[in-house]
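Beneath this line is the structure, given in C-alpha cells, with notes to follow.
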Amino acid sequence: MRIAQVAPLAEAVPPRLYGGTERVVSWLTEELVRQGQDVTLFASGDSRSSARLVRAVPEALRLAGIRDHTASTLVMLEEVLRRADEFDVIHFHVDLLQFPLFKSLFPKCVTTLHGRLDLPDFHPIYRAFPDMPLVSISDDQRRPMPPVNWVSTIHHGLPEQLHRFRRERGAYLAFLGRISPEKRPDRAIEIAKRSGIPLKIAAKVDAIDRDYFDCTIRPLLDHPLVEFIGEIDDMRKDDFLGGASALLFPIDWPEPFGLVMIEAMAIGTPVIAWAEGSVPEVIDQGVSGVIVNSIDEAVEAASRIGRLDRRAVRECFETRFTAARMAADYIETFDALCCRPVAKPGSASAAILAPGGDLPGLEGSVGLLQLQSP
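Going by my numbering, 22 is the number at position 35 of the sequence shown; the sequence numbering is gapless.
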C-alpha cells in the first residue's frame, strides 16, 4: 500500500526534545515501513526516517523560532495535493487546513486528531466538512464533537524495545511533560509535600505558559522535596522514569491520550493519574497504576504504589500499547478506506454528501461516508 504520512512542522520527526504528535508519527511511520508498506513522510528537513522523506521546510519550526506555522503548512499541503495520485492513502496528522483543500479526495484521506476537541472554536470546520474520515486516539476524545465521520479509535503505541524494563522500584515521584495549568504540576508538588516523597519535574515551559510558571509554579519549587530539571530528551527518559516509584499524571482537562503514561508503563513504572479524559482507557486500575479523584487519594496511592508488580505494568504495555499493534490497527483502517465500493453518480451517498449540488471526487460508499455520531 502506498501511504503518505503528513506530519506537523513544529518539531522534527522524531522530535529532538518535546513533541508528542511528531514522536507518534515517527513510531507509526517506522513500523509501517517495517511491516512492508510503501511510505512517504512529509515533514521538516531535520527529520530522520526509513520512509521516503519529503522535506517541507529546512528544519523544525519551533526550534527555528517561527511561531505561526500556517504558511509553511499550506505550502506542504499543496505539495501533497500535487502528488496525491502517487498514494493510495493520505494520512494527516495536522489539524484543520487540509479539510477544504482535500475535499475532493476525502475517499483516500484520513485525519488523526491528536489534540483536545472540547474547544468550540474549531467545531465549525468539522460541521462544514463532516465527510473527512477521522481517527480518534481515545473514545473519550470524541465526546465533545458534532456528528462526524469517525472510522476508528486507535490508541497510541511505541516500539517495544524503545525503553528498558526496570524491575527495581524507584525512590521518587516523577512529573514529565509540559508545565501548563491543565497538566497541574501544582498538584504534583502538593502530593510530594504531603506524602514526604521526593518529586522530580522534567518539563518544558512554552512561551504561552511562562507567566503561569513564573507566578504559580516557580514559587512552589523552593522546597527540599522538589527538584525541577527542565526539558529532557528521549535518551534521558529511561533513567528519569525508571528511577521513579510512580509517574504522577495529575491532569485537570480531557486529555486525548497521554503518551507519557505508556512511556512509563514500558519501563515498568506505574502511574498515579486523575480520572480525566483517556485515563480510564489507558490505565488498568490496580495493575498498571492507580486512578484517583483527589489529592488525598493520590497521597494514599503514593504510599501504596510499591505493592504493584512492575513486571505486570510492563506486560500491560506489551499487550496493549506497542507500535506494532498501533500500525496493525492503522493498516486495517487504511484497507477499509481503499477497499470500499465506489458509489455511482446520483447514488444515495452522493445525495447525502452533496445536498443541492455535486462535490466532485467524493465517491464512496454510504457505509463509510455517512455521518456518524461520536
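Don't be surprised by glycine CBs; every beta carbon is placed ideally from N, CA and C. Note that the coordinates shown come from a computational prediction; the quantities given were computed from them, not determined experimentally.
Between which two residues does the alpha helix (DSSP H) carrying residue i extend?
i: histidine 110; result: 110 to 115
i: alanine 58; result: 57 to 69
i: cysteine 326; result: 310 to 326
i: phenylalanine 304; result: 297 to 307
Keeping to the same chain, check which residues put their C-beta closer than 6 Å to that of residue i; ignore five residues upstream and five downstream.
i: proline 120; result: Val97, Asn136 and Val138
i: aspartate 25; result: Arg(-11)
i: threonine 309; result: Gly144 and Glu147
i: leucine 28; result: Gln(-8), Thr16, Ser36, Ala38 and Leu40
i: glycine 264; result: Asp127, Pro241 and Glu242
i: phenylalanine 89; result: Cys96
i: glycine 6; result: Glu(-2)
i: aspartate 225; result: His150 and Arg151
Since residue i and residue j should fall inside the 8 Å C-beta cutoff, what is the C-beta to C-beta distance between them, to a whole number of angstroms?
i: glycine 276; j: alanine 158; result: Actually they are not in contact, since the Cβ atoms of glycine 276 and alanine 158 sit about 18 Å apart, beyond 8 Å.
i: alanine 161; j: phenylalanine 227; result: 6 Å
i: arginine 301; j: methionine 252; result: 7 Å
i: arginine 154; j: arginine 298; result: 7 Å
i: isoleucine 292; j: isoleucine 259; result: 7 Å
i: proline 257; j: leucine 212; result: The Cβ separation is near 20 Å, so there is no contact.
i: leucine 4; j: glutamate 218; result: 5 Å
i: serine 182; j: serine 290; result: 6 Å
i: phenylalanine 86; j: isoleucine 53; result: No, phenylalanine 86 and isoleucine 53 are not in contact; Cβ-Cβ is about 23 Å, not under 8 Å.
With H, G and I counted as helix, E and B as strand and the rest as coil, what does DSSP make of residue i?
i: aspartate 173; result: helix
i: glutamine 128; result: helix
i: proline 153; result: Here residue 153 turns out to be arginine, not proline, going by the sequence shown. Coil, per DSSP.
i: aspartate 25; result: strand
i: glutamate 147; result: coil
i: glycine 7; result: helix
i: alanine -3; result: coil
i: valine 274; result: coil
i: glycine 164; result: strand
i: leucine 19; result: helix
i: tryptophan 137; result: strand
i: arginine 291; result: helix
i: alanine 179; result: helix
i: arginine 54; result: coil
i: serine 13; result: helix
i: alanine 285; result: helix
i: serine 31; result: strand
i: glycine 344; result: The predicted model places glycine 344 with a pLDDT of 32, which falls under 50 and marks its position as unreliable, so this point remains unresolved.
i: arginine 223; result: helix
How about residue i and residue j: do their beta carbons lie closer than 8 Å?
i: valine 266; j: glycine 245; result: yes
i: alanine 194; j: leucine 186; result: no
i: histidine 80; j: threonine 8; result: yes
i: leucine 163; j: alanine 190; result: yes
i: leucine 19; j: alanine 323; result: no
i: proline 133; j: histidine 101; result: no
i: glutamate 46; j: glycine 23; result: no
i: proline 172; j: isoleucine 184; result: no
i: valine 0; j: serine 34; result: yes
i: histidine 56; j: leucine 64; result: no
Taking only beta-carbon positions, decide if residue i is within less than 8 Å of chain D.
i: alanine 311; result: Although the question refers to chain D, the structure presented lacks it and comprises just one protein chain.
Note the first and the last residue of the continuous beta strand (DSSP E) segment covering residue i.
i: isoleucine 254; result: First-last for isoleucine 254: 246 to 254, but that is the alpha helix (DSSP H), not the beta strand (DSSP E).
i: proline 120; result: 120 to 123
i: glutamate 214; result: 213 to 215
i: alanine 233; result: 231 to 236
i: alanine 190; result: 186 to 191
i: leucine 88; result: From DSSP, leucine 88 is part of no beta strand (DSSP E) but of the alpha helix (DSSP H) over 85 to 88.
i: alanine 38; result: Segment: none, alanine 38 is in no beta strand (DSSP E) and carries neither H nor E.
i: valine 76; result: 76 to 79
i: threonine 203; result: Taken as a continuous stretch (DSSP letters only), threonine 203 belongs to no beta strand (DSSP E), as it is neither H nor E.
i: leucine 100; result: 96 to 100
i: isoleucine 259; result: 258 to 261
Among the residues of its own chain, which have a CB less than 7 Å from the CB of residue i, if the five just before and after it don't count?
i: leucine 208; result: Phe215
i: valine 67; result: Ala(-9), Val(-7), Phe29 and Ile77
i: threonine 60; result: Leu(-4), Val81 and Leu84
i: threonine 203; result: Asp173
Using C-beta distances below 8 Å, list every residue in its chain close to residue i, excluding the 5 sequence neighbours before and after it, in chain order.
i: isoleucine 124; result: Thr99, Leu100, His101, Thr140, Ile141, His142, His143, Pro243, Phe244 and Ser265
i: glutamate 268; result: Ser125, Asp126, Asp127 and His142
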